[in-house]
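Report on the structure given below.
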Amino acid sequence: MKYTAAALLSCIASASAWSSLKMSTATPSATYTFTKSEEVFAEAQTLMPGGVSSPVRAFKSVGGNPVVFDRVKGAYAWDVDDNQYIDYVGTWGPAIVGHADDEVLDAIKKTMDKGTSFGAPCPLENELAKMVIDAVPSVEMVRFCNSGTEACMGMIRLCRAYTNREKVIKFEGCYHGHADSFLVQAGSGVATLGLPDSPGVPSSATAATLCAEYNNLDSVKAILEANKDEIAGIILEPVVGNSGFIRPSKEFLEGLRELATEHGAVLVFDEVMTGFRVAYGGAQQYFGVTPDLTTMGKVIGGGLPVGAYGGKKEIMDLVAPAGPMYQAGTLSGNPLAMTAGIETLKRLSQPGVHEELERKSQMLVDGILAAGKKHGHAMCGGTAGGMFGWYFCEGPVANFAEATASDMQKFGKWHRMMLERGVYLAPSQYEAGFMSMAHTEEDIQKTIAIADEVLGLLAE
């Protein structure tokens, strides 16, 4: 189906009306039914592979069928059966100011009156670029694209162009999009589906991708020593959100910075998930370690499709048309995505925003871990800014191998029971959760109460 600008405007206007909707007064023990979701998803499976447009949405690792959403507002989502949820997925990260934020929607509507895409330079690109450059320590120049995957594709090509080398080091359980060269021990939906990699990826595409263990500098040193003067770049999620939630030690990040410099490799932080979420300047600001290049997405598009990569000017000057490394995109830098990003970053740049996101995230994780302990479950978890996660194992979890020790069967039951009581969590143990500015303490306390009930039932 194709939509006109007028139709899109109508949708956005309708979204503004959702602000009057209030939280349900249903008690934690109330459970939902999903008749319409089942009907819509049954039809979807005849139209799209697996019935979804992205694999993890299919609920394969948690059992049952997915709920089908109808609308969102603030911290909440409603499905086609009109069940209401406290949402901790947040469109997989972008909805950091809350869903369908009035200020963001108003700005998009004003821009839409001028057109949805130009295919030419526009002032909004400059405005968002300046905001990104001012905020992110490593970024002196930036290139916009349309997704995190595109950003990582451009980034790896740039690493190779700059160093005239081919091999790259990534880490087990870190996900950098679905480009062929990254689908090696990739975490995220790949791990959710139990796939070590993907059929259809030629061995030649991954031959130059070498995997190290997260939070283990010795594993990186061994690869660098075995491939002297051959490593173009070292790429990682500076907080892993695609194997659940794994914090790095600061010593690990600092050690990578030293090793990359020593061996002439480009250090890359994939901040598609962490950028503007764990701190306004991303994980590199949060931990005080500056890479050479950074990839971004999610938050900087304010809920619309976007990606970006940026870094030192001497490296970015290689990108066409300034230099010979080619990368392009029809809708790159389109005015709608730029507008949504600008308005989102304006909100996030206010004092205390990320401290409050971390406070709320910590409140949620502490409450759920306390409930787990009360009912005799082995659980661990953590936070970084507005990003969090937990596992059904003793922990702590420092790498992907340790993440796989989590009780996946129990996680699946937990997910379904929380869903039936009005809490929408990521449908995979290998995905982080996200806090928004719209979540209230009441939402968090209600979530903890529901979790306490569910964890008690799981202990029986």
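Under mature numbering (1 follows the signal peptide of the UniProt record, and there is no 0), the residues of the sequence shown are numbered -17 to -1, 1 to 443, in order.
Don't be surprised by glycine CBs; every beta carbon is placed ideally from N, CA and C.
Cβ-Cβ separation, residue j to residue i (assumed contact under 8 Å), whole Å
i    : j    : result
C157 : L219 : 6 Å
G290 : S130 : 5 Å
S389 : Y407 : With a Cβ gap of about 20 Å, S389 and Y407 do not count as contacting.
V55  : P410 : With 8 Å as the limit, V55 and P410 do not qualify as a contact, their Cβ atoms being about 16 Å apart.
G224 : E414 : 7 Å
S202 : E196 : 4 Å
S106 : G285 : Before going on, a small fix: residue 106 reads as Pro here, not Ser. Their Cβ separation, rounded to whole angstroms, is 17 Å, which puts P106 and G285 out of contact at 8 Å.
E149 : A191 : 5 Å
M391 : A434 : 18 Å between Cβ atoms; not a contact.
G73  : M420 : Going by Cβ atoms, the distance from G73 to M420 rounds to 10 Å, so no, they are not a contact pair.
V184 : G294 : No, V184 and G294 are not in contact; Cβ-Cβ is about 27 Å, not under 8 Å.
R260 : G364 : With 8 Å as the limit, R260 and G364 do not qualify as a contact, their Cβ atoms being about 17 Å apart.
A354 : I431 : 7 Å
G439 : F371 : About 22 Å; that fails the 8 Å criterion.
H159 : C135 : 4 Å
E339 : T366 : Not really, about 12 Å apart at Cβ, beyond 8 Å.
Close beta carbons around residue i, own chain, < 7 Å, minus the five adjacent residues each side
i    : result
K396 : L441
D426 : A58, I69
P120 : G264, Q267, Q268, T273
T18  : D64
K393 : F375, L441
I91  : I(-6), L319, T322, A323
S315 : F127, C128, N129
V282 : G76, P77, I79, G258, F259, R260, T327
M138 : V251, L276, T278, Y292
T422 : First, the residue type needs correcting, since residue 422 is His and not Thr in the sequence shown. So the list reads A58, K343, once near-sequence residues are dropped.
H398 : V45, L408, P410
T244 : none
F235 : N198, L200
Own chain partners of residue i with C-beta closer than 8 Å, once the 5 adjacent residues on each side are dropped
i    : result
V35  : A27, A41, P49
H246 : L207, K211, D212, I214
V336 : Y263, R330, M420
D300 : M124, G306
S20  : N48, P49, V50, V51, D62, V63, D64
K233 : F270, G271, V272
E424 : K343, M346
K296 : E123, M124
Residues sharing a beta bridge with residue i, DSSP
i    : result
T74  : None; T74 has no bridge partner.
T192 : V151
A262 : G258
M279 : A291
H82  : G57
D253 : T278
Y413 : DSSP output for Y413 lists no bridge partner at all.
V223 : I229
V380 : None; V380 has no bridge partner.
I217 : I152, L250
V406 : I69
Contacts around residue i, its chain only, beta-carbon distance under 6 Å, and the 5 residues preceding and following it disregarded
i           : result
G359        : A442
residue 445 : Nothing about residue 445 can be reported from this structure: the residues present for the chain run from -17 to 443 only.
E133        : G290
A248        : I214, G216, I217
G378        : C363
residue 484 : Outside the shown range of the chain, which is -17 to 443, sits residue 484, and nothing can be said about it.
K429        : none
A118        : Y263, G264
Cβ of residue i within 8 Å of any chain D Cβ
i    : result
G368 : Of the chains in the structure shown, none is chain D; there is only one protein chain.
Using 8 Å as the cut-off, can you tell me whether the stretch 225 to 235 makes contact with the stretch 161 to 168, which would need three or more C-beta pairs spanning the two stretches below that distance? No contact exists between the stretch 225 to 235 and the stretch 161 to 168.
Counting pairs of beta carbons, one from the stretch 87 to 103 and one from the stretch 251 to 262, are three or more of them closer than 8 Å? Cβ pair count under 8 Å is below three, so no.
Can you find at least 3 beta carbon pairs, one from the stretch 379 to 391 and one from the stretch 147 to 156, that sit closer than 8 Å? The stretch 379 to 391, when compared against the stretch 147 to 156, does touch it at the 8 Å Cβ threshold.
Three-pair Cβ contact test at 8 Å for the stretch 108 to 124 versus the stretch 323 to 337: Output reads yes: the stretch 323 to 337 touches the stretch 108 to 124.
With a floor of 3 residues, list each beta strand (DSSP E) that falls wholly inside the stretch 299 to 374, ordered by position along the chain. DSSP assignment within the stretch 299 to 374 yields the following whole beta strand (DSSP E) runs of 3 residues or more, N-terminal first: 363 to 367, 370 to 374.
Evaluate contact between the stretch 309 to 316 and the stretch 337 to 356, counting only Cβ atoms and requiring at least three cross-stretch pairs below 8 Å. Contact between the stretch 309 to 316 and the stretch 337 to 356 is absent: fewer than three C-beta pairs spanning the two stretches fall below 8 Å.
Could you give the uninterrupted runs of the alpha helix (DSSP H) lying entirely in the stretch 94 to 156, keeping only those of 4 residues or more? 106 to 118, 131 to 146, all fully within the stretch 94 to 156.
Beta strand (DSSP E) segments (min. 3 residues) lying fully within the stretch 11 to 69: Listed in chain order, the complete beta strand (DSSP E) runs (minimum 3 residues) inside the stretch 11 to 69 are 52 to 56, 59 to 62.
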